[in-house]
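**Student:** Going by the working numbering, the residue at position 534 of the first sequence is 535; the numbering climbs one at a time, nothing skipped. Each residue gets a CB set at the ideal place from its N, CA and C atoms; glycine is no exception. Can you read through this structure? Questions will come right after.
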Amino acid sequence: MMKMEDRYDFSKIEPKWQAWWEERDIYRTPDNHGRPKYYCLEMFPYPSGKLHMGHVRNYSIGDVVARFLTMNGYNVLHPMGWDAFGLPAENAAIKHGNMHPAVWTNDNISTMRSQLKQLGISYDWSREIATCHPGYYRWTQWLFLQLYKHGLAYKKKAAVNWCPSCATVLANEQVKEGVCERCKAGVEKRELEQWFFKITDYAERLLEDLKLLEGWPEKVKIMQENWIGRSEGAEIQFPVEGAGDTITVFTTRPDTVFGVTYMVLAPEHPLVEKLIEGRPEAEKIREFVKNVQSQSEVDRTSTGAEKVGLLTGAFCLNPLSGERVPILVANYVLMEYGTGCVMGVPAHDQRDFEFARKYGLPVRVVIQPGGPDLEPDAMIGAYTGEGVMINSGRFNGLPSREGIRAVTGYCEEKGWGRGVINYRLRDWLISRQRYWGAPIPMVYCDGCGIVPVPEQYLPVELPMNVEFKPTGRSPLAECPEFVNTPCPQCGGQGRRETDTMDTFMCSSFYYFRYTSPRNEERVWGEEEINRWLPVDQYIGGVEHAILHLLYSRFFTKFLYDIKLVPCEEPFTNLLTQGMVLKDGAKMSKSKGNVVSPEDIVATYGADTARLFILFAAPPERDLEWSDQGVEGCYRFLNRVWRLVAPMAGKLSPAPPPATEKLVGVDREMHRLTHATIKKVTGDVGGRFNFNTAVSAIMEMVNGLYQYREVPETDRDPAVLNEAVESLLLLLAPFAPHISEELWRGIGRSGSVHRQPWPQWKEGAVAEDEVEIVVQVNGKIKDRILVPAGISQEGMKDMVYSRSNVQRLVEGRRVVKVVAVPGKLVNIVVR
RNA sequence: GCGGGCGUGGCGGAACGGCAGACGCGCCGGACUUAGGAUCCGGUGGGUUCACCCCCGUGGAGGUUCAAGUCCUCUCGCCCGCACCA
């Protein structure tokens with residue numbers, strides 16, 4: 002039978018302290034202005050049902066950071082909320098018949114909130130927000146109006162990504178490999194009138210300021226850089242023969258313009274119809290265009306997709322060479338990028354080369370590399386490197402790098418073109434034809450056109466009595482009470498916009514709102530925003546590397562420009578945590594490898610769950626779940642329990658021992674205590690190596706077990722007191738409940754979480770002696786203990802005086818001696 | 001194809017260029033036990049011996065260095081992101 006004192010009863014201890022903390026409101030954000038601030042933020046969750054292990058990892062990491070900084074004297078803002086609008090709520094409502102998305106969402110929020118409380122995360126719940134509450138989305142709408150007011154929100158008809166399964170349009174960022182990121186259905190193109198945000202206006206700044214983000218992982222910065230996709234080049238106009246039209250083409254290689262042997266338009270290019278009109282090819286081309294457009298994005302853009310092109314029969318003129326080149330239409334040219342057409346330079350572009358070979362189009366070399374001459378007919382690939390311009394009229398002999406500028410300049414001079422910078426980034430499409438989102442605060446009036454809802458009428462509330470079925474039209478359109486409204490401008494009959502906003506909009510500014518979550522007058526208070534922003538540490542999954550983080554950066558820059566926030570970048574430091582895996586794969590219901598946090602907390606308690614997740618791997622790396630590893634952490638906490646709990650009443654507070662008076666085991670224990678403080682402080686405060694911090698605490702506990710074996714009369718009670726108090730303080734951020742229980746148990750006052758972090762004494766950590774290793778010709782021959790702080794010369798003397806060393810070196814010539822204090826001595830002999 | 005990351009025991013993972021494998025899991029042994037799948041203590045990379053010494057070991061091949069898991073060059077393998085972007 003297990004004895005009672007063998008195990009600690011987390012099921013009693015954890016709820017007890019959670020209630021105690023809540024009663025005393027100890028996690029409320031302090032108002033103390035005398036201390037430095039620290040804003041610690043974890044990505045708020047979508048209330049999908051219950052917490053999963055990824056959440057536990059995310060919030061455990063954040064909690065250690067928040068608690069550590071609090072104990073280190075910072076005013077910490079550590080809030081939590083809910084990214085509560087979104088499709089799953091609506092889909093659940095459809096599936097479960099009459100359950101309203103709001104009910105489903107609120108139920109999930111209650112469940113997940115109580116789970117977070119059971120984990121003992123130190124949130125200031127008085128600042129909780131949910132993006133689906135009118136008190137929040139009012140400000141989402143308000144922000145939309147600010148963007149509109151500043152010309153950054155506009156409506157246009159465009160070919161947009163349509164997910165037939167979600168029955169809504171999607172942002173470019175939400176489409177991966179031609180399929181909907183959420184439901185994996187193939188995405189179609191549709192022509193629709195939609196609202197966009199002009200994020201492209203900020204492309205340059207979003208790119209440029211990545212350099213400022215020293216506290217961000219390189220990986221995320223590179224992903225954003227690629228997404229923005231800046232490329233420098235020129236737009237050059239090719240007049241169409243006869244018709245008086247002009248084809249404007251974008252190229253990054255104006256230096257190869259003399260090598261153009263054909264021109265290709267995207268099937269959707271507006272000029273196509275005009276060019277082919279009345280020509281014999283017209284029918285065939287129309288059919289081809291229709292065909293390409295009916296193809297799904299996947300088929301059209303997949304790597305293996307064959308390049309197919311057709312001659313239109315029309316020609317255009319190369320303004321520089323005066324040459325006549327045929328115009329084609331081809332499936333590989335994308336209307337969305339550049340100007341929707343490509344100048345074909347087969348000699349110097351691999352894609353063009355393959356295309357030209359397939360259709361027998363001529364290849365003209367205009368860049369000569371340093372090596373052998375290129376023979377167009379013998380070429381097996383394009384030459385895409387640098388070289389010297391040839392066959393290029395007045396530019397012959399110019400290095401291609403200079404040629405780029407020279408040709409661009411010449412075109413500008415002649416009025417044939419201009420230098421431009423192109424971005425892959427497109428404007429952010431925010432309209433969604435779904436119910437469960439923030440309504441777009443716009444009214445259509447036959448007389449006045451598009452009229453914004455005046456700010457004092459916000460929020461435009463989402464009606465509750467609506468049929469939410471994915472019909473392809475917003476369910477709000479079926480709700481006359483919502484749609485019909487007087488025009489705010491003329492008072493006549495108006496119709497509300499019935500689309501709702503992309504939920505990424507709601508989550509792109511929530512971290513600002515946490516500073517004034519209950520302010521009903523303003524989006525946030527000036528004093529509060531200046532005090533807390535930017536976020537010092539942001540923690541979340543790398544899956545948000547582009548969407549959420551890019552949109553948030555965009556909003557921050559906009560809000561900075563209109564002087565509503567004090568910073569141009571929202572998140573100073575970013576930690577992207579790794580995934581939680583089981584059997585080498587991401588946990589998922591379909592794979593049946595899910596470990597539920599609920600079960601783990603019920604079996605082992607929150608402290609064990611947290612400790613395991615922090616101990617098993619460094620935070621950025623993927624973490625392999627191990628039931629036995631969890632067991633080990635539970636065992637460790639019990640070990641702490643058995644060590645400290647019996648000390649209740651026997652461990653009276655004592656002033657810290659004087660290092661220099663300590664000898665033997667007391668000195669060793671004292672050293673271990675301070676070495677552990679130093680290690681844990683560095684690992685948590687500096688590099689976020691929580692795993693090695695935990696292992697240092699484990700070592701300290703092992704040391705304490707040894708120390709305890711020494712008869713009480715032979716050790717200094719002040720050393721034990723110092724060790725135990727330090728241990729509980731160091732453990733507090735990782736395992737808050739057991740630390741609190743033991744802290745109070747040994748009779749200390751206040752909460753362990755409101756104590757100052759222990760400080761190490763350098764003198765206590767220093768070794769009395771250091772071991773130096775003697776190598777002869779690189780091989781270890783001897784080890785010698787020397788007093789700490791000895792000079793290099795003194796050390797050499799000590800090495801030479803060793804008979805062992807003398808024997809080794811005897812009769813040989815000493816070539817070199819290298820001595821590094823505290824490390825080793827190497828003697829090179831011949 | 002381009003960009004980024006990672007390769008260390010049976011496993012998760014430690015190692016300012018300085019005794020590779022901390023800590024934990026697993027395994028083996030001892031103690032305490034009627035018993036232990038509890039607890040405490042000890043051992044645990046491989047080889048040879050089976051006490052000691054010694055030799056080999058961080059995906060592979062070179063290089064720099066008194067000294068390389070760590071730095072440099074090449075190479076193999078895995079993971080992630082982007083990908084007809086003109």
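From the DSSP output, which residues share a beta bridge with Leu318?
**Tutor:** In DSSP, Leu318 forms a bridge with Arg325.
**Student:** Using only alpha-carbon positions, find the residue among Ala649, Thr262, Gly748 that is nearest to Cys317.
**Tutor:** The shortest C-alpha to C-alpha distance from Cys317 to any of Ala649, Thr262, Gly748 is the one to Thr262.
**Student:** Please list, in chain order, all residues of the same chain as Val467 whose beta carbon is under 8 angstroms from its beta carbon, the five residues on each side excluded.
**Tutor:** Tyr436, Pro476, Leu477, Glu479, Cys480, Phe483
**Student:** Excluding the five sequence neighbours on either side, which residues of its own chain have a C-beta within less than 6 angstroms of the C-beta of Gly314, listed in chain order?
**Tutor:** Arg280, Glu282
**Student:** Could you please give the first and the last residue of the uninterrupted alpha helix (DSSP H) stretch that includes Val725?
**Tutor:** 718–732
**Student:** Below 7 angstroms CB to CB, which residues in the same chain sit around Val666 once its five sequence neighbours on both sides are set aside?
**Tutor:** Tyr708, Val711, Arg716
**Student:** Which runs of the alpha helix (DSSP H) at least 4 residues long sit entirely within the stretch 136–219? Give them in chain order.
**Tutor:** 204–209
**Student:** Just to confirm before moving on: does the CB-CB distance between Glu569 and Lys558 stay below 7 angstroms?
**Tutor:** yes
**Student:** Kindly indicate which three-state DSSP category Asp537 falls into: helix, strand or coil?
**Tutor:** strand
**Student:** Between which two residues does the beta strand (DSSP E) holding Ala546 run?
**Tutor:** Ala546 -> no beta strand (DSSP E), and no H or E assigned at all.
**Student:** In three-state DSSP terms, what is Leu705?
**Tutor:** helix
**Student:** From this set, Leu375, Asp628, Gly579, which residue's C-alpha is nearest Val596's C-alpha?
**Tutor:** Comparing Cα positions, the closest option is Asp628.
**Student:** Would you call the stretch 43–61 in contact with the stretch 116–131, where contact means no fewer than 3 C-beta pairs closer than 8 angstroms?
**Tutor:** yes
**Student:** Given Val536, which residues of its chain have a CB within under 7 angstroms of its CB, disregarding the five upstream and five downstream residues?
**Tutor:** Tyr40, Leu42, Tyr512, Pro571, Phe572, Thr573
**Student:** Since Cys446 is in the alpha helix (DSSP H), which residue starts that stretch and which ends it?
**Tutor:** Here Cys446 belongs to no alpha helix (DSSP H); instead the beta strand (DSSP E) covers 443–446.
**Student:** Report the residue from Gln351, Thr112, Gly398 whose alpha carbon sits nearest the alpha carbon of Tyr384.
**Tutor:** Gln351
**Student:** Hey, how far is the Cα of Asn849 from the Cα of Ser111?
**Tutor:** The shown model of the chain, from 2 to 831, leaves out residue 849, and the question about it has no answer.
**Student:** When DSSP labels each residue in this structure, what does Thr609 get in the three-state scheme?
**Tutor:** helix
**Student:** Let me know if Met5 comes out buried or exposed under the rule of 16 or more other beta-carbons within 10 Å of its beta-carbon.
**Tutor:** Note that Met5 scores a pLDDT of 42, beneath 50, so its modelled location is shaky; the value from the coordinates is reported in the next line. Met5 is exposed by the Cβ-count criterion.
**Student:** Roughly how many angstroms separate the alpha carbons of Phe469 and Ala94, rounded to a whole number?
**Tutor:** 8 angstroms
**Student:** Would you list the residues sitting across from Asn109 in a DSSP beta bridge?
**Tutor:** Answer is none; Asn109 lacks a bridge partner.
**Student:** From Asn107 to Ala655, what distance separates their C-alpha atoms?
**Tutor:** 51 angstroms
**Student:** Run the CB neighbour count on Lys415, radius 10 Å, all protein chains shown included, and call it buried at 16 or more, exposed below.
**Tutor:** exposed
**Student:** Under the three-state reduction of DSSP, which class applies to Ala235: helix, strand or coil?
**Tutor:** strand
**Student:** Might you give, ordered along the chain, the residues of its own chain that have their beta carbon closer than 6 angstroms to the beta carbon of Phe556, omitting 5 neighbours on each side?
**Tutor:** Ser509, Phe510
**Student:** Need the endpoints of the beta strand (DSSP E) that Gln494 sits in, please.
**Tutor:** It spans 494–497 - the beta strand (DSSP E) in which Gln494 sits, taken as one unbroken run.
**Student:** Kindly identify the DSSP beta-bridge partner or partners of Val250.
**Tutor:** According to the DSSP secondary-structure assignment, Val250 is paired through a beta bridge with Ile237.
**Student:** Going by DSSP, what residues sit across from Pro400 in a beta bridge?
**Tutor:** Val389
**Student:** Quick one: give me the first and last residue of the alpha helix (DSSP H) that Pro89 is part of.
**Tutor:** 88–96
**Student:** So, helix, strand or coil for Glu15, using DSSP?
**Tutor:** helix
**Student:** Locate the beta strand (DSSP E) running through Phe572, then write down its first and last residues.
**Tutor:** Unbroken beta strand (DSSP E) run through Phe572: 572–578.
**Student:** Considering only the beta carbon of each residue, do Leu575 and Tyr539 sit closer than 7 angstroms?
**Tutor:** yes
**Student:** Looking at Glu236 and Arg433, is the spacing between their C-beta atoms short of 7 angstroms?
**Tutor:** No.
**Student:** What residue range is occupied by the uninterrupted beta strand (DSSP E) comprising Cys342?
**Tutor:** Where Cys342 is concerned, the enclosing beta strand (DSSP E) stretches over 342–345.
**Student:** Who are the Cβ neighbours of Leu153 in its own chain at under 7 angstroms, not counting the five residues just before and after it?
**Tutor:** Phe198, Lys199, Asp202, Phe559
**Student:** What's the gap between the Cα of Asp447 and the Cα of Pro487?
**Tutor:** 11 angstroms
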